[in-house]
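A.B. asks:
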Amino acid sequence: MHRLIKNPGCFWLFPFIFCLCALAPIEASRAQFVIIAPANSCIDSLSMRQLQKLFKGQPLKTCLEMPVQIVEYAPVSDAFYKKLYGLGVYAIGKHWLRLIFSGERVLPPKSFSEPRKLLKFLHEHENAIGFLPEDVYRKNRQNAIKDVVIEGRSHTDSLYVLKAKLKKK
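According to the working numbering, the sequence shown is numbered sequentially starting from 3.
1) Which runs of the beta strand (DSSP E) at least 3 residues long sit entirely within the region 24-87? Give them in chain order.
2) For residue 120, name the three-state secondary structure that DSSP assigns.
3) Among residues of its own chain, excluding the 5 on either side of residue 43, which ones have a beta-carbon nearer than 7 Å to its beta-carbon?
4) Got a sec, what are the start and stop residues for the beta strand (DSSP E) residue 99 sits in?
5) Restricting to Cα atoms, I'd like to know which of 95, 153, 141 is closest to residue 74.
6) Mind checking which residues open and close the alpha helix (DSSP H) that includes residue 141?
7) When burial is assigned at 16 or more other CB atoms within 10 Å of the CB, is residue 79 buried or exposed?
8) If I follow the unbroken beta strand (DSSP E) through residue 149, where does it start and stop?
9) Say whether the region 53-63 touches the region 86-104, bearing in mind that this needs 3 or more beta-carbon pairs closer than 8 Å, one atom from each stretch.
10) By a C-beta neighbour count over all protein chains shown, 10 Å radius and 16 as the cutoff for buried, is residue 119 buried or exposed?
11) Would residue 157 and residue 34 be called neighbours here (beta carbons separated by less than 8 Å)?
12) In whole angstroms, what separates the C-alpha of residue 76 from that of residue 137?
13) What's the gap between the Cα of residue 163 and the Cα of residue 110?
14) From residue 82 to residue 52, what distance separates their C-alpha atoms?
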């Protein structure tokens with residue numbers, strides 16, 4: 003067996019990396035999400051049903067005259083969609099492709115991997131709505147962006163619907 007492992011000092015590294023990769027989605031699934039919009043947006047509050055409809059490209063009777071532009075934060079989009087629908091980003095992507103190719107009047111989601119670029123885009127498009135993990139939102143908070151109230155509760159409320167699930171001891 004020692005012939006198969008050329009560098010036995012690195013043998014422990016592979017299981018360690020595997021464990022880290024396996025645990026990463028678990029941590030992301032515990033994240034709390036903040037729904038955000040430009041400060042000048044007329045969208046201040048949504049029900050959970052309205053939020054689910056919006057992020058699937060379904061029209062809502064809102065104060066906006068144009069379709070809503072969904073803005074995704076790519077590093078946690080899979081965890082967000084699993085929390086919102088119980089579906090992964092792949093299934094949501096397939097849904098959006100069906101909408102686009104069926105001729106629906108929708109704007110496909112814009113995805114950003116950097117919070118500053120996402121916030122800049124939101125600030126420049128009053129018809130946009132997006133999400134960030136709460137910790138990223140707090141670090142990058144700007145006056146030009148507001149958090150949207152969901153089910154009558156702010157993201158700081160203990161009963162907020164997109165609150166992180168706490169570990170049981």
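We put the CB at the ideal spot given by N, CA and C, even for glycine.
As the structure is a prediction and not an experimental result, all values here were calculated from the model.
C.D. replies: In short:
1) 35-40, 71-75
2) helix
3) 128
4) Note, residue 99: premise wrong, no beta strand (DSSP E); alpha helix (DSSP H) at 91-103.
5) 95
6) 136-141
7) buried
8) 147-149
9) yes
10) exposed
11) yes
12) 15 Å
13) 25 Å
14) 16 Å
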